[in-house]
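Working notes, structure below.
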Amino acid sequence: MAPAFKANPYPTYAAMREASPFHRRTATDGKTNIWFITRYDDVATLLRDHKRLVKDVANTLTPDARAPLNRRLHHSCNC
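With the working numbering as the guide, the letters of the sequence shown map in order to residues 73 to 151.
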């Protein structure tokens, strides 16, 4: 992640909203698609659309984001 974005992501978000409300990127694993939805009304509409949303929570995080959660869960249950 770029240091400028970490320090202040809001100009990037504004540019994304201006260009298009929906952006698709590929995660660092090279396989997983990540969608960025940048407008509040669009997000609210999609959250109410149960036909299009992923129902399996495991599919909502990238593998990189899941790894620390998996480690914490594994250690918390002594599995």
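For each residue, glycine too, the CB sits at the ideal point set by N, CA and C. Keep in mind it's a predicted model, so treat the numbers as computed, not measured.
- For the pair Ala-99 and Ile-106, the Cα-to-Cα distance works out to about 6 Å.
- The C-alpha of Asp-121 lies about 13 Å from the C-alpha of Asp-113.
- Arg-97 is bridged by DSSP to Ile-106.
- Relative to the Cα of Val-115, the nearest Cα in the group Gly-102, Phe-94 and Thr-84 belongs to Phe-94.
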